[in-house]
Amino acid sequence: MSVNNAKVTGQAPPLLLIEALRVETNSPVEPVTILDGVCLQISNNETFALIGESGCGKTMTALATLGLLPINVRTYGAVIFQGKNLRNIAEQDLNQIRGRHIAMIFQHAKSAFNPTFTIGTQMVEVICTHLQLRKIPARARALDLLAEIGLPDPDFVFNAYPHQLSGGMAQRAMIAMGLSCGPQLVIADEPTSALDSKTQREIVRLLRHMQKNYGFTLWLISHDLALVAKIADKIAVMKDGCIIESGSAATLLQKPRHAYTKLLLSQCKINQAQPQKTRAPVTVR
Ligand SMILES: Nc1ncnc2c1ncn2[C@@H]1O[C@H](COP(=O)(O)OP(=O)(O)O)[C@@H](O)[C@H]1O
Ligand SMILES: [Mg+2]
Numbered sequence: 692m693s694v695n696n697a698k699v700t701g702q703a704p705p706l707l708l709i710e711a712l713r714v715e716t717n718s719p720v721e722p723v724t725i726l727d728g729v730c731l732q733i734s735n736n737e738t739f740a741l742i743g744e745s746g747c748g749k750t751m752t753a754l755a756t757l758g759l760l761p762i763n764v765r766t767y768g769a770v771i772f773q774g775k776n777l778r779n780i781a782e783q784d785l786n787q788i789r790g791r792h793i794a795m796i797f798q799h800a801k802s803a804f805n806p807t808f809t810i811g812t813q814m815v816e817v818i819c820t821h822l823q824l825r826k827i828p829a830r831a832r833a834l835d836l837l838a839e840i841g842l843p844d845p846d847f848v849f850n851a852y853p854h855q856l857s858g859g860m861a862q863r864a865m866i867a868m869g870l871s872c873g874p875q876l877v878i879a880d881e882p883t884s885a886l887d888s889k890t891q892r893e894i895v896r897l898l899r900h901m902q903k904n905y906g907f908t909l910w911l912i913s914h915d916l917a918l919v920a921k922i923a924d925k926i927a928v929m930k931d932g933c934i935i936e937s938g939s940a941a942t943l944l945q946k947p948r949h950a951y952t953k954l955l956l957s958q959c960k961i962n963q964a965q966p967q968k969t970r971a972p973v974t975v976r
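Under this note's numbering, the residue at position 216 of the sequence shown is numbered 907, and the numbers go up by one with no gaps.
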């Protein structure tokens, strides 16, 4: 549904609408297509999953949304967030949206933090910048969030450098930082792929728990259909830079139309009749 259609039908417009997003390398000789006309829409408060094999363009779609693509590519199309085309706004306006209204949780949390500053310094900077708080209340907010995401010793994590944390601790800290300014949309790019299976389950439960408490929309990026089947409301399947199929999780899992979706389903053990929601309370080590 486009923003104009939403006005006509009286339905709420989508929170994020990506239209005909095309990304290609700007090589003068032979440009390589990375995203080939991606269209997707994400509604308020849903969990939207983008799945597909490694290299198909999931991360590039998210980075294009935030205007964070590398400089060696050209981009076409529209990225409309809350009615505003993010591709047409000034860099300083985009900076206000990144981190404040759209947060991204990166795949490798440890390397996504700046290694030369403590977790606390980085969290306080984000909070001070976006919420115009002074350092003392920003510090209190950061420590509260580190406690809320279930870290047993928030003070230690606050004062630690990224390399001093385990993968699971760093991922939790990244989630805390992502949520620190109350974003409407959280993009979680393969948030569990670098973790062991127990920690993976905990992180998924944590995301669901925080989504319930904070009411944000979750855009989950994954190559793991079994994970996505547990928590997504809507799923889009990506292959070779295109969305080949999308729809409600229940329909897509029960009646996949595309041969590639069928293949993905056949490769993982899912109870296709019953996509479950993981809504159990968080238990954290
Ligand atoms: N800086 C870049 N320049 C050119 N191509 C890139 C760049 N970064 C990624 N790509 C290519 O874009 C494609 C999609 O990458 P990506 O979005 O990271 O895949 P996914 O997240 O689905 O694993 C890949 O073929 C990758 O090689
Ligand atoms: Mg990726």
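The C-beta atom is built at its ideal place from N, Cα and C for all residues, glycine as well.
Please look up how many angstroms separate the CB atoms of residue i and residue j, rounded, as I've assumed it's under 8 Å.
i: Leu909; j: Thr738; result: 5 Å
i: Ser937; j: Lys925; result: 7 Å
i: Val714; j: Cys933; result: That belief does not hold up - the Cβ atoms of Val714 and Cys933 are roughly 12 Å apart, past 8 Å.
i: Gly748; j: Met929; result: 6 Å
i: His638; j: Pro882; result: Residue 638 lies beyond the residue range present for the chain, which begins at 692 and ends at 976; the question has no answer from this structure.
Hey, is residue i close to ligand 3, as in C-beta under 8 Å from one of its heavy atoms?
i: Ile878; result: Inclusion of ligand 3 in the displayed structure is not the case, the ligand content consisting of ligand 1 and ligand 2 alone.
State yes or no: is the C-beta of residue i within less than 9 Å of the C-beta of residue j?
i: Ala740; j: Ala923; result: yes
i: Ile788; j: Phe772; result: yes
i: Leu754; j: Leu785; result: no
i: Ala833; j: Gly811; result: yes
i: Gly858; j: Ala800; result: yes
Assign residue i to one of three DSSP states: helix, strand, or coil.
i: Thr752; result: helix
i: Asn979; result: With the chain represented from 692 up to 976, any question about residue 979 goes unanswered, as that position is not in the structure.
i: Leu707; result: strand
i: Leu741; result: strand
i: Leu819; result: Before going on, a small fix: residue 819 reads as Cys here, not Leu. In this structure, Cys819 counts as helix in the three-state DSSP scheme.
i: Phe804; result: coil
i: Asp784; result: helix
i: Leu977; result: Residue coverage of the chain in this structure runs from 692 to 976, which leaves residue 977 outside it and unanswerable.
i: Thr942; result: helix
i: Thr812; result: helix
i: Pro972; result: Its pLDDT being 37, under 50, Pro972 is placed unreliably by the model, and the measurement read from it follows with that caveat. Of the three classes helix, strand and coil, the one that applies to Pro972 here is coil, per DSSP.
i: Ala851; result: coil
i: Leu824; result: coil
Which same chain residues end up closer than 6 Å to residue i when comparing Cβ atoms and leaving out the 5 residues on each side of it in sequence?
i: Leu955; result: Leu916
i: Ala829; result: Val815, Ile818 and Cys819
Kindly list the residues whose CB is nearer than 8 Å to the CB of residue i, restricted to its own chain and excluding five residues on each side of it in sequence; keep chain order.
i: Lys953; result: Pro947
i: Ala940; result: Ala740, Val919, Ala920, Ala923, Asp924, Lys925, Ile926 and Pro966
i: Tyr1047; result: For the chain, the structure presents residues 692 to 976; residue 1047 sits outside this window and is missing.
With a CB to CB cut of under 7 Å and the five nearest residues on each side skipped, what residues in its chain are close to residue i?
i: Asn776; result: Ala769 and Val770
List, from N- to C-terminal side, the beta strand (DSSP E) runs of 3 residues or more that fit wholly inside the stretch 864-934. 876-880, 908-913 and 925-930
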